[in-house]
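Inspection log for the structure reproduced underneath, given as structure tokens.
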Amino acid sequence: MSYTVGLDFGTHQTKVCIEDASNPSQKNYEFVEFTDLTGKSTVLFPSIVQINQDNTVSYGFINENLCKTASANIPEPILTLPEKPVLVLPEKPEMLLIPQKSKKKPDLKGLSIKEQFMLKKQYEIEEENWKNRCKEIEISNTKFLEEWNDECLAIENDYNYDCDEYQTACNIAKEKYNQAYSTWQNNNKPQKQIFRYFKLATFTNQNWNHTIKPEIISCWYLAFVLFTIREKIGSDFFTQMGVPYSILKHESDKQKQIAYKLLIGANKLVDYYGKFELFLQANVEELFNNTILTEFKEDDLNFYGLNILPEAFAGLSSITLQGKLSQGMHLLTDIGGGTTDIAFFTITSDKLPDVHAVLSIPKGLNYIFEEYIKSSKKQPLE
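Residue numbers for the sequence shown, in the working numbering: 1074 to 1455.
Structure representation (structure tokens):
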């Protein structure tokens, strides 16, 4: 392959540089030019995708008058309240019954004095025992009732506390629901099917409020770019594309895998349609059916000639090749629209860079502007 394509897939715009090494001793470099709707040429291709009213798709330069409008079909939020506390009191204890007097006062008529004394004495003893038993029962009943009242009071206090907590939780849930419902109403309004920041959403956890996944949009967009390149230099070229790079290896590996899937999927779309016009005439449903973003093999990378590099390498290479940096350690920071790319390296005695680390932070100019807007809204008007 005598051509190497440097593909700078950006959050806001994309740039493509072609290295022509047909003559290895004198390589030529050229930026791919894209034509906007007015016929002017530019090397900055906007990272925008639009679904048109006829269900075809436009890329980069769009005519909003032809844009399709559709609801986002976001599920309506549901108000979920905590379970309401229930007051459950223990049953009132059964009271011990007061025993009846066993005997009435004895009839003393016709009895001797001794018999009367004995019978009266026996009655008094039995009555005293009965009174004592009644007193014991009353004390026990009073104790049972007090314990029951104390238990009920403790349960009622816990219940009242739970009710206060329940009401607080309900108020918080309702407030969150009202905010979510308001956001849902705003986001679910019929919107123009114009997609931006799909690259950022593909490689980071950026919020994405569209039914079409950002990876799909990115694949279609890259297919358009590849068609443009093939029209200029044919299909025999090697492609290098930069991606955001995490300092964590498993994250950076994941980002590389995503990038390879996008490029292979885009190349397969180009192969499937063959002609640029047929690709541009395809409707959304057809593009969906023909977009393949699955696991790939090493043979796919070799077949299409693909290589993924950290985005920070692109800026690093262009600066160090000029030989203007002094010997020693350097830190390169590239603040883009969606990410900030950082490279830590040393310029050696032979003027070549020894790269120690590269990483991408998923916050760029977009984040700065959003935070500025938020802080401006909080400022009181004078």
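In this text, a Cβ means the ideal position worked out from N, Cα and C, and glycines have one as well.
Can you give me the C-alpha to C-alpha distance between residue i and residue j, rounded to a whole angstrom?
i            : j            : result
residue 1244 : residue 1250 : 10 Å
residue 1314 : residue 1088 : 11 Å
residue 1287 : residue 1280 : 10 Å
residue 1112 : residue 1134 : 11 Å
residue 1125 : residue 1265 : 9 Å
residue 1150 : residue 1340 : 39 Å
residue 1107 : residue 1309 : 20 Å
residue 1237 : residue 1338 : 56 Å
residue 1342 : residue 1400 : 46 Å
residue 1454 : residue 1448 : With a pLDDT of 47 at residue 1454, under the threshold of 50, the modelled position of that residue is not reliable, and the figure given next carries that caveat. For residue 1454 and residue 1448, the distance between alpha carbons rounds to 12 Å.
residue 1267 : residue 1121 : 7 Å
residue 1393 : residue 1141 : 46 Å
residue 1301 : residue 1371 : 25 Å
residue 1242 : residue 1325 : 41 Å
residue 1289 : residue 1327 : 17 Å
residue 1404 : residue 1345 : 44 Å
residue 1446 : residue 1256 : 18 Å
residue 1187 : residue 1223 : 54 Å
residue 1277 : residue 1307 : 33 Å
residue 1299 : residue 1407 : 25 Å
residue 1457 : residue 1414 : Lying before the first or after the last residue shown, residue 1457 is absent from the chain, which here runs from 1074 to 1455.
residue 1230 : residue 1253 : 34 Å
residue 1081 : residue 1312 : 11 Å
residue 1118 : residue 1357 : 21 Å
residue 1347 : residue 1444 : 44 Å
residue 1234 : residue 1220 : 21 Å
residue 1100 : residue 1079 : 14 Å
residue 1263 : residue 1361 : 22 Å
residue 1131 : residue 1428 : 40 Å
residue 1213 : residue 1201 : 18 Å
residue 1457 : residue 1177 : The first residue shown for the chain is 1074 and the last is 1455, placing residue 1457 beyond what the model contains.
residue 1375 : residue 1381 : 13 Å
residue 1359 : residue 1441 : 38 Å
residue 1208 : residue 1191 : 26 Å
residue 1456 : residue 1114 : This structure cannot settle anything about residue 1456, because the visible part of the chain is limited to 1074 through 1455.
residue 1086 : residue 1420 : 30 Å
residue 1093 : residue 1373 : 23 Å
residue 1274 : residue 1369 : 22 Å
residue 1182 : residue 1193 : 12 Å
residue 1426 : residue 1285 : 41 Å
Round the Cβ separation of residue i and residue j to the nearest angstrom and send it over; I've been treating them as touching at under 8 Å.
i            : j            : result
residue 1129 : residue 1355 : 7 Å
residue 1095 : residue 1075 : 5 Å
residue 1304 : residue 1349 : 6 Å
residue 1136 : residue 1110 : 6 Å
residue 1084 : residue 1272 : 5 Å
residue 1334 : residue 1366 : 5 Å
residue 1228 : residue 1169 : Incorrect: roughly 24 Å between the Cβ atoms, too far for contact.
residue 1377 : residue 1336 : 7 Å
Nearest to residue i by alpha carbon, out of the options?
i            : options                : result
residue 1138 : 1076, 1152, 1286, 1123 : 1123
residue 1180 : 1172, 1255, 1189, 1174 : 1189
residue 1116 : 1127, 1104, 1126       : 1104
residue 1417 : 1407, 1409, 1402       : 1402
residue 1261 : 1383, 1127, 1146, 1378 : 1146
residue 1174 : 1166, 1154, 1186, 1199 : 1199
residue 1162 : 1318, 1226, 1427       : 1226
residue 1154 : 1234, 1164, 1248, 1397 : 1248
residue 1077 : 1182, 1379, 1212       : 1379
residue 1352 : 1327, 1318, 1311, 1297 : 1297
residue 1204 : 1195, 1171, 1372, 1185 : 1171
residue 1102 : 1215, 1110, 1091       : 1091
residue 1148 : 1252, 1258, 1178       : 1258
residue 1143 : 1419, 1253, 1239, 1283 : 1283
residue 1164 : 1218, 1202, 1206, 1210 : 1218
residue 1167 : 1216, 1234, 1444       : 1216
residue 1423 : 1397, 1368, 1201       : 1397
residue 1438 : 1201, 1409, 1419       : 1409
residue 1232 : 1208, 1183, 1158       : 1158
residue 1292 : 1364, 1246, 1373       : 1364
residue 1156 : 1239, 1127, 1206       : 1239
May I ask you to list the residues that DSSP assigns as paired with residue i?
i            : result
residue 1105 : Beta-bridge pairing links residue 1105 to no other residue.
residue 1093 : 1076, 1101
residue 1125 : 1140
residue 1088 : 1081
Measuring from the CB of residue i, is there a heavy atom of the ligand ZN at a distance below 7 Å?
i            : result
residue 1339 : Here there are no bound small molecules, and the ligand ZN is not part of this structure.
- Item | Start-end ranges of the beta strand (DSSP E) lying completely within the region 1127 to 1157, minimum 3 residues | 1130 to 1132
- May I have a chain-ordered list of the beta strand (DSSP E) segments no shorter than 3 residues that lie completely inside the region 1235 to 1265? The qualifying runs do not exist here; there are none.
- Message: Quick check for students: name the residue ranges of the alpha helix (DSSP H) that lie wholly in the region 1190 to 1237, counting only runs of 4 or more.
- Response: none
- Item | Every unbroken alpha helix (DSSP H) within the region 1281 to 1322, with a cutoff of 4 residues, ordered by chain | 1287 to 1306
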